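Yeah, the sequence shown ends on 147 if you go by UniProt numbering, and it's all consecutive.
Using N, Cα and C, we set each Cβ at its ideal position, and we do this for glycine too.
These figures come from a predicted structure and were not determined experimentally.
Take a look at the structure set out below.
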Amino acid sequence: MERGLKMTGQRRVIARVLSESHDHPDVEELYRRASVLDDRISVATVYRTVRLLEENGILERRDFGGGRARYETADEGDHYHLIDVESGQVVEFTHADHAELLRRITAELGFELVSHRLELFARRLPDVSQEQTDQQAQTERKGRSRP
């Protein structure tokens, strides 16, 4: 995660928290988690570090609604986000058919696909439980490893 940046002790703690996150924390949540590991970390340090990591292409900012930016590491590979508009939960998933369709569409239009992003905002169906969603998302993620 360093990419030529001077990694101070506090930056290392913040980088560790980010690399261990399996969700998309906002700065306040990053601060809460980092301060458990190092109580000298200030929220200002977290904001500065997040900005630095984002400027250097290490972190990507996501806006899933709710008025707060959330973050994930930039090297997560191609994947998509489904955001539950009622709970704010973010479900990561991949879909081979969708990726192939995007490549085919861009080729038909005379382009080579370099990158893509998909964020779906949805409401859970009444007959589908949180557990079913989690199991399906876990199955979809098996083909994609997290750093």
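Return the CA-CA distance between Asp-127 and Ile-83, expressed in angstroms with no decimal places. Their backbone Cα atoms lie some 18 Å apart in a straight line.
Which residues share a DSSP beta bridge with Leu-82? Answer is Val-91, Leu-120, bridged to Leu-82.
Rounded Cβ spacing between Arg-70 and His-116 (contact assumed at less than 8 Å): About 19 Å separates the two Cβ atoms, so there is no contact after all.
If we ignore side chains and look at the alpha-carbon of each, how far apart do Thr-94 and Glu-54 end up? Taking the straight line from one Cα to the other gives about 24 Å.
Reduced DSSP secondary structure (H/G/I, E/B, other) of Ala-74: Coil.
Alpha-carbon spacing of Gly-110 relative to Asp-97, whole angstroms: Roughly 20 Å between the two C-alpha positions.
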